[in-house]
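Visitor:
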Amino acid sequence: MIPNKRLELEQAGKRVLEASRTELYIDMRFFGGALNSLGYEMDLSTTTVGTDAVSIRFNPNHVLRLFVEEPGKLNRTYLHMLLHCIFMHMYTSARYENERLFDLCADIVVESILDGMDYQCIYRVSSDYRDNWYALLEKEIKVLTVERLYKYFSEDHELDVFELEKLEREFKLDDHGFWTRLQDVEDDSDQSGEQDKDNDKARDKDIPPMDDSDSPDIKENKDNKDKGSKDKDNKDEDNDRNDQLQGGGQNPDNDTDRKKTKYINPRRLQKIKNAQKNWDKEGKRIQTEIETIGKENSDRLGKLSWLLKIQNTSHTDYKEFLNRFKVLREEGGIDLDSFDYGMYSFGMDFYGNMPLIEENEFREVKKIQELVIAIDTSASCKDILVQRFLNETAALLLGGDNFFQRIKICVIQCDNQIQRIDFIENKDEMYKYSSEVHVEGGYGTDFRPVFEQVEELRQQKKFENLKGLIYFTDGFGIYPDKPTTYDTAFVFAQDEDYDDEKVPDWALKLYI
189 MIPNKRLELE QAGKRVLEAS RTELYIDMRF FGGALNSLGY EMDLSTTTVG TDAVSIRFNP
249 NHVLRLFVEE PGKLNRTYLH MLLHCIFMHM YTSARYENER LFDLCADIVV ESILDGMDYQ
309 CIYRVSSDYR DNWYALLEKE IKVLTVERLY KYFSEDHELD VFELEKLERE FKLDDHGFWT
369 RLQDVEDDSD QSGEQDKDND KARDKDIPPM DDSDSPDIKE NKDNKDKGSK DKDNKDEDND
429 RNDQLQGGGQ NPDNDTDRKK TKYINPRRLQ KIKNAQKNWD KEGKRIQTEI ETIGKENSDR
489 LGKLSWLLKI QNTSHTDYKE FLNRFKVLRE EGGIDLDSFD YGMYSFGMDF YGNMPLIEEN
549 EFREVKKIQE LVIAIDTSAS CKDILVQRFL NETAALLLGG DNFFQRIKIC VIQCDNQIQR
609 IDFIENKDEM YKYSSEVHVE GGYGTDFRPV FEQVEELRQQ KKFENLKGLI YFTDGFGIYP
669 DKPTTYDTAF VFAQDEDYDD EKVPDWALKL YI
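Residue numbers (our numbering): 189 to 700.
#1: Hey, I310 and L302 are a contact pair by Cβ (cut 8 angstroms); roughly how many whole angstroms apart?
#2: In three-state DSSP terms, what is G227?
#3: Is K360 buried or exposed, if buried means 16 or more other CB atoms sit within 10 Å of its CB?
#4: Measuring CB to CB, does I595 end up less than 9 angstroms from N614?
#5: Given R488, which residues of its chain have a CB within under 7 angstroms of its CB, disregarding the five upstream and five downstream residues?
#6: Using a 10 Å radius around the Cβ and a threshold of 16 neighbouring Cβ atoms, would you call V256 buried or exposed?
#7: In the DSSP assignment, what are the bridge partners of D675?
#8: Would you decide whether P762 is buried or exposed? Buried here means 16 or more other CB atoms lie within 10 Å of its CB.
#9: Counting C-beta neighbours from all protein chains within 10 Å, is the total for T210 16 or more, i.e. buried, or is it exposed?
#10: On the DSSP bridge list, what partners appear for L698?
#11: With a cut-off of 8 angstroms on the beta carbons, I'd call D603 and Y631 a contact; round off their distance for me.
#12: Taking a contact to mean a Cβ-Cβ separation below 9 angstroms, would you say M618 touches D468 in this structure?
#13: Rounding to the nearest angstrom, what Cα-Cα distance links R245 and Q458 in this structure?
#14: Taking the beta strand (DSSP E) that R217 falls in, what are its first and last residues?
#15: In chain order, what residues of the same chain have a beta carbon less than 6 angstroms from the beta carbon of L262, not counting five sequence neighbours either side?
#16: Distance check for S233 and L197, CA to CA, integer angstroms please.
#17: Considering only the beta carbon of each residue, do S300 and H364 sit closer than 9 angstroms?
#18: Would you please state the rounded distance, in angstroms, between the beta carbons of E470 and S225? I believe it to be under 8 angstroms.
#19: Is E353 helix, strand or coil by DSSP?
#20: Count the other CB atoms, across all protein chains shown, that sit within 10 Å of the CB of Q199; report buried if there are 16 or more and exposed otherwise.
#21: So, does the CB of D231 fall closer than 9 angstroms to a CB anywhere in chain C?
#22: Within 10 angstroms of its Cβ, does V313 collect 16 or more other Cβ (buried), or is it exposed?
#23: Pairing CB atoms from the segment 640-655 with CB atoms from the segment 563-575, are three or more of them under 8 angstroms?
#24: Return the CA-CA distance between Q499 and V242, expressed in angstroms with no decimal places.
#25: Going by the CB atoms, is the gap between F635 and G656 shorter than 9 angstroms?
#26: Alpha carbon to alpha carbon, how far is L289 from W321? Give it in angstroms, no decimals.
#27: Cutting at 7 angstroms between CB atoms, please list the residues of its own chain near K202, excluding the five before and the five after it.
#28: Note down, in chain order, each residue of its chain lying with its Cβ closer than 6 angstroms to the Cβ of I606, except the 5 sequence neighbours on either side.
#29: Rounded to whole angstroms, what's the CA-CA distance from Y699 to F366? Just pull it up for me.
#30: Sort out for me which residues DSSP pairs D240 with in a bridge.
#31: If you draw a straight line from the C-alpha of L325 to the C-alpha of R264, how long is it?
#32: Residues bridged to F611 by DSSP?
#33: Is the segment 658-676 in contact with the segment 689-698, if contact means three or more CB pairs nearer than 8 angstroms?
#34: Bridge partners for A562 per DSSP, in chain order?
#35: Under the rule that 16 or more other beta-carbon atoms within 10 Å means buried, what is Q475, buried or exposed?
#36: Take V298 and list the residues in its own chain whose beta-carbon comes closer than 7 angstroms to its own, dropping the five residues that flank it on each side.
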């Protein structure tokens, strides 16, 4: 009787979710592949619904109630979970110390996307409380991403527990407990190593998978001698669920307790890991499809297209790029790589204090000799960003043996015209300039004067072998049309507002 009841609830829950998926697909066909990527599994360890990037794991009572009372909220919850997968939030949560704050930031980002989308099937009336927070956050950090929100809340704008709980009630729609289970098992598996693989296989036979841990039919098959232990475990799980409903389920201090009560089958874990690449591809596919559906339809998506672009941007390593500016030439110094220790030792041993080969006093090395650093000093590019860029560039250049004894680095400040030119010829000058920079300008942005100035300097023989130009900017300006004969890169601050759409094809885009 009980198994039949369980089966009926499971089938009803799946039909409800399938109906929601169909409604979303009719309105948003570009989500078709993503909508078909998630299966459905009943999971009584949650009181609501959530996803582990493989399946939507649902409590049938919750989804059936939503379907009857608030079908629009069920659609929104479905798409809310789907966006978590597309932006791969469950795979990045382990990088952040405060798990509860990360979960809140992920929910705010996803809900801000949904609130900006113009589709009736997911529409909800936005509260004044929510709108006020959006206005504040967009004023402070421009583009809402998980990284920026987490940094904002964890540094200078820490939330008290009451405000945190209020925000969770406003933005939380799904159970993120499946993310923490994934993280916990990954930590355990890293510590156990290869020697525990056989033990894991044996344990699989005795411990049920996560989605079956609370099923009535399994309870009936338990031995009587395990009843007392199982009752205690069930009470612990009930307490965990109550904690989650009260906002305490995401507390990092409860990690130890969570690891004791949560379990995920290793085979399931492997499926989740494999799904990460699929979601990465799906995010890029959706971005491409959105770009082809036309402006009228893409406007209905609000900020989704922009955030997908940020998500899918390939970030070239800045340090690796600087290595492209190195040239090969001789420099004074002992070349240990070309020193013949065999002949040297033979001469010293056979003739006595007579080395047959002296060490080379010159060596061939690859270092930076000439470089142009251009700085956008327009009103839209903040002084603090310029300082951060110079600090990071100086740290990379001065951090190793990257310079010849004589160098020539030209630093050009420009808004819509050249404001200042400085030449740096040694490491001390580079360090002094980066720590005491004075930005001049503050008008519009035109990148062309810098390139014209560099050509003029080359004609004046100021450079012997210029390898590259780095232009730090926010991207809002007029770009040159003519390609350069040296490497050119436009550098953008990754966590700030920028426009890289119009960067010429012959130039590189870097993000720091």
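We put the CB at the ideal spot given by N, CA and C, even for glycine.
Guide: Let me spell this out:
#1: What you label residue 310 is simply residue 122 of the sequence shown in a count that begins at 1. What you label residue 302 is simply residue 114 of the sequence shown in a count that begins at 1. 6 angstroms between Cβ atoms; contact.
#2: For the purposes of this step, residue 227 is taken as the residue at position 39 of the sequence shown. DSSP places G227 in strand when its eight states are reduced to three.
#3: Sequence index remark: in the sequence shown, residue 360 carries index 172 (1-based). With 16 or more Cβ atoms within 10 Å of its Cβ, K360 is classed as buried.
#4: Taking the first residue of the sequence shown as position 1, residue 595 is located at position 407. Taking the first residue of the sequence shown as position 1, residue 614 is located at position 426. Yes, they are a contact pair.
#5: The residue labelled residue 488 in the question sits at position 300 within the sequence shown. Same-chain partners within the cutoff: M305, D306, Y307.
#6: Counting from 1 along the sequence shown, the entry for residue 256 is found at position 68. V256 should be labelled exposed.
#7: As a position in the sequence shown, residue 675 is number 487, starting the count at 1. Answer is G656, bridged to D675.
#8: Since the first and last residues shown for the chain are 189 and 700, residue 762 lies out of range.
#9: As a working note, residue 210 is residue 22 in the sequence shown. That one is exposed.
#10: One-based indexing of the sequence shown puts residue 698 at position 510. V679, per the DSSP bridge assignment.
#11: In the sequence shown, residue 603 corresponds to position 415, counting from 1. In the sequence shown, residue 631 corresponds to position 443, counting from 1. At roughly 5 angstroms, the Cβ-Cβ gap stays under 8 angstroms, so D603 and Y631 are in contact.
#12: Taking the first residue of the sequence shown as 1, we reach residue 618 at position 430. Taking the first residue of the sequence shown as 1, we reach residue 468 at position 280. Cβ atoms of M618 and D468: not closer than 9 angstroms.
#13: Within the sequence shown, numbered from 1, the residue matching residue 245 stands at position 57. Within the sequence shown, numbered from 1, the residue matching residue 458 stands at position 270. Computed Cα separation, rounded: 17 angstroms.
#14: For this step, residue 217 is matched to residue 29 along the sequence shown. No beta strand (DSSP E) holds R217; DSSP gives it neither H nor E.
#15: Taking the sequence shown and counting its residues from 1, one reaches residue 262 at position 74. Within the same chain, L262 has close Cβ partners S208, L254, F255.
#16: Counting from 1 along the sequence shown, the entry for residue 197 is found at position 9. Counting from 1 along the sequence shown, the entry for residue 233 is found at position 45. Approximately 15 angstroms, taken between the alpha carbons.
#17: In the sequence shown, residue 300 corresponds to position 112, counting from 1. In the sequence shown, residue 364 corresponds to position 176, counting from 1. No, Cβ-Cβ distance for S300 and H364 is not below 9 angstroms.
#18: Along the sequence shown, read from residue 1 onward, the residue named residue 470 stands at position 282. Along the sequence shown, read from residue 1 onward, the residue named residue 225 stands at position 37. Indeed they touch by this definition, with Cβ atoms about 7 angstroms apart.
#19: Within the sequence shown, numbered from 1, the residue matching residue 353 stands at position 165. Helix at E353.
#20: Against the sequence shown, residue 199 aligns to sequence position 11. So Q199 ends up on the exposed side.
#21: Of the protein chains in this structure there is only one, and it is not chain C.
#22: Within the sequence shown, residue 313 is the residue found at index 125, counting from 1. Its Cβ having fewer than 16 others within 10 Å, V313 is exposed.
#23: no
#24: By one-based count along the sequence shown, residue 499 stands at place 311. By one-based count along the sequence shown, residue 242 stands at place 54. Approximately 20 angstroms, taken between the alpha carbons.
#25: Sequence index remark: in the sequence shown, residue 656 carries index 468 (1-based). Sequence index remark: in the sequence shown, residue 635 carries index 447 (1-based). No, the Cβ-Cβ distance between G656 and F635 is not below 9 angstroms.
#26: In the sequence shown, residue 321 corresponds to position 133, counting from 1. In the sequence shown, residue 289 corresponds to position 101, counting from 1. Approximately 16 angstroms between the Cα atoms of the pair.
#27: Translated into the one-based positions of the sequence shown, residue 202 becomes position 14. Excluding residues within five positions, the ones whose Cβ falls inside 7 angstroms are Y228.
#28: Counting from one through the sequence shown, the residue named residue 606 turns up at place 418. So the qualifying residues of the chain are P637, Q641.
#29: Position 511 of the sequence shown, counted from the first residue, corresponds to residue 699. Position 178 of the sequence shown, counted from the first residue, corresponds to residue 366. The alpha-carbon atoms of Y699 and F366 are separated by roughly 32 angstroms.
#30: Looking up residue 240 in the sequence shown gives position 52. Its beta-bridge partners do not exist; DSSP assigns none.
#31: One-based indexing of the sequence shown puts residue 325 at position 137. One-based indexing of the sequence shown puts residue 264 at position 76. Their backbone Cα atoms lie some 22 angstroms apart in a straight line.
#32: Within the sequence shown, residue 611 is the residue found at index 423, counting from 1. In DSSP, F611 forms a bridge with C598.
#33: yes
#34: Translated into positions along the sequence shown, residue 562 becomes position 374. DSSP output for A562 lists I600, Y659 as bridge partner(s).
#35: By 1-based counting over the sequence shown, the position of residue 475 is 287. So Q475 ends up on the buried side.
#36: In the sequence shown, residue 298 corresponds to position 110, counting from 1. Cβ within range, chain order: H268, L271, H272.
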